[in-house]
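Same order as they appear, the protein sequences are chains A and B. For the first sequence, position 101 (counting from the first letter as 1) is numbered 1573 according to my numbering, and the numbering increases by one without interruption. For the second sequence, position 17 (counting from the first letter as 1) is numbered 49 according to my numbering, and the numbering increases by one without interruption. Working notes for the structure below.
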Amino acid sequence: AQSVAQPEDQVNVAEGNPLTVKCTYSVSGNPYLFWYVQYPNRGLQFLLKYITGDNLVKGSYGFEAEFNKSQTSFHLKKPSALVSDSALYFCAAHSGGYQKVTFGTGTKLQVIP
Amino acid sequence: GAVVSQHPSWVICKSGTSVKIECRSLDFQATTMFWYRQFPKQSLMLMATSNEGSKATYEQGVEKDKFLINHASLTLSTLTVTSAHPEDSSFYICSASKLAEYYNEQFFGPGTRLTVL
Chain A
1473 AQSVAQPEDQ
1483 VNVAEGNPLT
1493 VKCTYSVSGN
1503 PYLFWYVQYP
1513 NRGLQFLLKY
1523 ITGDNLVKGS
1533 YGFEAEFNKS
1543 QTSFHLKKPS
1553 ALVSDSALYF
1563 CAAHSGGYQK
1573 VTFGTGTKLQ
1583 VIP
Chain B
33 GAVVSQHPSW
43 VICKSGTSVK
53 IECRSLDFQA
63 TTMFWYRQFP
73 KQSLMLMATS
83 NEGSKATYEQ
93 GVEKDKFLIN
103 HASLTLSTLT
113 VTSAHPEDSS
123 FYICSASKLA
133 EYYNEQFFGP
143 GTRLTVL
């Protein structure tokens, strides 16, 4: 069975500092990995995905994520946090084809002015 | 683009009534649409997966007779909450995958807030 873990319920970071939101996964075979962001009372917005290729994936709003196969991780990063980045972030994974996508429990990012 | 809309964005209904929520893919054809439920400060719970023209596949513990899903076309899926009760109050989110896209990236609608009085 596949699973996604986001070990931190909340991450606090000062505006202008780099941020990292952690995600580890467990899927059989090659993983397909995604990050989404959710603002209050809104649906999920796609940030970025890893399908194959470069381990460093760049996405929307200056976010990037690094795929680490040996550590089965796909941490979300941004060099300089903005207050507007404050939101709920979800990591998701599946093992390809039309397999069901598994979501992590979400990490609330709070960027402090 | 890949835009998914949901209607209504919020709805309040009386206990015992039924509510229909629509999910549309506006600029692409969706092989598969998904319905999620999200409780406050919690992750998304997949309720069911629907493929155009066939019966939805419900997750364990989800009552198929209570949450009726119809996927009549490649751009429209509906979720009907029948005989709604206060415990059905939640945020319902749909998503859609593009036709024949093997890596199954999902595009999410903006969600529907259901409040049952």
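Even glycine gets a Cβ: it sits at the ideal position worked out from N, Cα and C.
{"Check": "Between the stretch 1533 to 1550 of chain A and chain E, which residues of the former have CB atoms less than 8 Å from a CB of the latter, in chain order?", "Outcome": "In the structure shown, chain E does not exist; the protein chains are A and B."}
{"Check": "Where do the N-terminal and C-terminal ends of the beta strand (DSSP E) with residue 1572 of chain A fall, by residue?", "Outcome": "Premise fails: residue 1572 of chain A is in no beta strand (DSSP E) and is neither H nor E."}
{"Check": "If residue 66 of chain B and residue 138 of chain B are in contact, beta carbons under 8 Å, what's the gap, nearest whole angstrom?", "Outcome": "6 Å"}
{"Check": "If I'm right that residue 1474 of chain A touches residue 1574 of chain A with Cβ under 8 Å, what's the distance once you round it to whole angstroms?", "Outcome": "5 Å"}
{"Check": "Drop a sphere of 10 angstroms on the beta-carbon of residue 1578 of chain A, count the other beta-carbons inside from all chains shown, and report buried for 16 or more, exposed for fewer.", "Outcome": "buried"}
{"Check": "Is the Cβ of residue 1515 of chain A closer than 8 Å to any Cβ of chain B?", "Outcome": "yes"}
{"Check": "How would you call residue 120 of chain B, buried or exposed, if buried means at least 16 neighbouring beta carbons within 10 angstroms?", "Outcome": "buried"}
{"Check": "Would you mind reading off the limits of the beta strand (DSSP E) that contains residue 1477 of chain A?", "Outcome": "1475 to 1477"}
{"Check": "Start and end of the beta strand (DSSP E) containing residue 1484 of chain A?", "Outcome": "1482 to 1486"}
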